[in-house]
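For reference, each letter of the sequence shown is one residue, going 1239 to 1458 in this note's numbering. Working notes for the structure below.
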Amino acid sequence: MSKRWSEVDSYFAKTLIGSDAALDATLAANAAAGLPSIDVSAPQGKLIHLLVRMSGARNALEIGTLGGYSTIWLARALPDDGRLITLEMSGKHADVARRNVANAGLGDKVEIRTGAALATLPKIEAEGLGPFDFVFIDADKTNNAAYLEWALRLSRPGTTIMVDNVVRGGEVVEAASRSTDVVGVRRMFELMAREPRLSATAIQTVGAKGWDGFALAVVS
Ligand code: SAH
Ligand code: DHB
Ligand code: MG
1239 MSKRWSEVDS YFAKTLIGSD AALDATLAAN AAAGLPSIDV SAPQGKLIHL
1289 LVRMSGARNA LEIGTLGGYS TIWLARALPD DGRLITLEMS GKHADVARRN
1339 VANAGLGDKV EIRTGAALAT LPKIEAEGLG PFDFVFIDAD KTNNAAYLEW
1389 ALRLSRPGTT IMVDNVVRGG EVVEAASRST DVVGVRRMFE LMAREPRLSA
1439 TAIQTVGAKG WDGFALAVVS
């Protein structure tokens, strides 16, 4: 990974984002608890935040909470009466995230559901909690196609769907890859491409997290 990519991310973070007590505390708490530092970067978090605001979303769904760093960016983009449901398999990650989200003053806006997302998503549907205006998919990459299907099931025309980590240092083009992550991302793209309700693109990113990218789609 280029050192310059990180330097440019730091420059943008310092210039356009500034320090933020709740987000800084979240990353510190995650590190103290031994969580992997695979959160979105600050410029990426702000991008997600801006997209949520631009879309006018009132309620959002996140798949893959970790310590709640992206969760805080998402939740802050919603109106005061907005709601975010975020799904996390690890009870440990969810506990850390709950503290971070509460410390950010977002405890009433965010609901963290623990368990495998593919087990939780049918309950969310059964409880009539959809449709969601914005869906951010950022959990295990193996199940990405299934998560995209669920995002569609829980969507309405106009819903924005964003998927993290779709480039993986360029590995996404390896059609013969045996990496379950790459296979999962490619299955997600195949579904995205053939699903007539979706209009989609993907954008490569470089920065503190190396070379990766986001897929972005809107439901019609
Ligand atoms: N969105 C976070 C990063 C998420 S990392 C951020 O940017 O701040 C991916 C998370 O997905 C991890 O916390 C991992 O425990 C969780 N995860 C992995 N498999 C999962 C599954 N099957 N269901 C729900 N969460 C899962
Ligand atoms: C990794 C990065 C991510 O953003 C993520 O959601 C999962 C894994 C990684 O770098 O391994
Ligand atoms: Mg990610």
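C-beta: ideal position from N, C-alpha, C; glycine also.
Under the assumption that residue i contacts residue j (Cβ atoms under 8 Å), give the Cβ distance between them as a whole number of angstroms.
i: isoleucine 1350; j: arginine 1337; result: Rounded, the Cβ-Cβ distance is 10 Å, inconsistent with contact.
i: glycine 1302; j: alanine 1377; result: 3 Å
i: phenylalanine 1452; j: aspartate 1402; result: 6 Å
i: leucine 1392; j: leucine 1299; result: 6 Å
i: threonine 1352; j: alanine 1384; result: Not confirmed; about 19 Å, so no contact.
i: asparagine 1341; j: glycine 1305; result: Wrong, their Cβ atoms sit about 11 Å apart, outside the cutoff.
i: tryptophan 1243; j: alanine 1446; result: 7 Å
i: leucine 1359; j: asparagine 1381; result: About 10 Å separates the two Cβ atoms, so there is no contact after all.
i: serine 1308; j: glycine 1283; result: 6 Å
Determine the extent of the alpha helix (DSSP H) in which residue i is found, giving its start and end residues.
i: phenylalanine 1250; result: 1241-1250
i: threonine 1439; result: Looking at the DSSP string, threonine 1439 is not in any alpha helix (DSSP H); the run it does join, the beta strand (DSSP E), is 1436-1445.
i: asparagine 1297; result: Per DSSP, asparagine 1297 belongs to no alpha helix (DSSP H); it is in the beta strand (DSSP E), 1297-1301.
i: leucine 1390; result: 1382-1391
i: valine 1410; result: Premise fails: valine 1410 is in no alpha helix (DSSP H) and is neither H nor E.
i: aspartate 1262; result: 1259-1270
i: isoleucine 1255; result: Premise fails: isoleucine 1255 is in no alpha helix (DSSP H) and is neither H nor E.
i: leucine 1312; result: 1307-1314
Taking the C-alpha atoms as reference points, what is the distance between residue i and residue j?
i: isoleucine 1441; j: arginine 1424; result: 15 Å
i: glutamate 1387; j: leucine 1261; result: 31 Å
i: isoleucine 1286; j: arginine 1416; result: 30 Å
i: glutamate 1409; j: valine 1457; result: 27 Å
i: valine 1405; j: leucine 1367; result: 31 Å
i: methionine 1400; j: threonine 1439; result: 10 Å
i: alanine 1295; j: lysine 1347; result: 13 Å
i: serine 1275; j: threonine 1253; result: 23 Å
i: alanine 1266; j: leucine 1454; result: 30 Å
Give the secondary structure of residue i by DSSP, where H, G and I count as helix, E and B as strand, and everything else as coil.
i: asparagine 1341; result: helix
i: glutamate 1363; result: helix
i: isoleucine 1286; result: helix
i: aspartate 1378; result: coil
i: phenylalanine 1427; result: helix
i: arginine 1416; result: coil
i: arginine 1321; result: strand
Which stretch, first to last residue, makes up the beta strand (DSSP E) that contains residue i?
i: valine 1348; result: 1348-1352
i: methionine 1327; result: Where methionine 1327 is concerned, there is no enclosing beta strand (DSSP E), given that its DSSP letter is neither H nor E.
i: phenylalanine 1452; result: 1448-1457
i: valine 1278; result: Per DSSP, valine 1278 belongs to no beta strand (DSSP E) and is neither H nor E.
i: threonine 1398; result: 1398-1402
Subject >> Pocket of ligand 3 defined by Cβ to heavy atom distance under 7 Å >> reply: Ile1276, Val1278, Gly1302, Asp1376, Asp1402 and Asn1403
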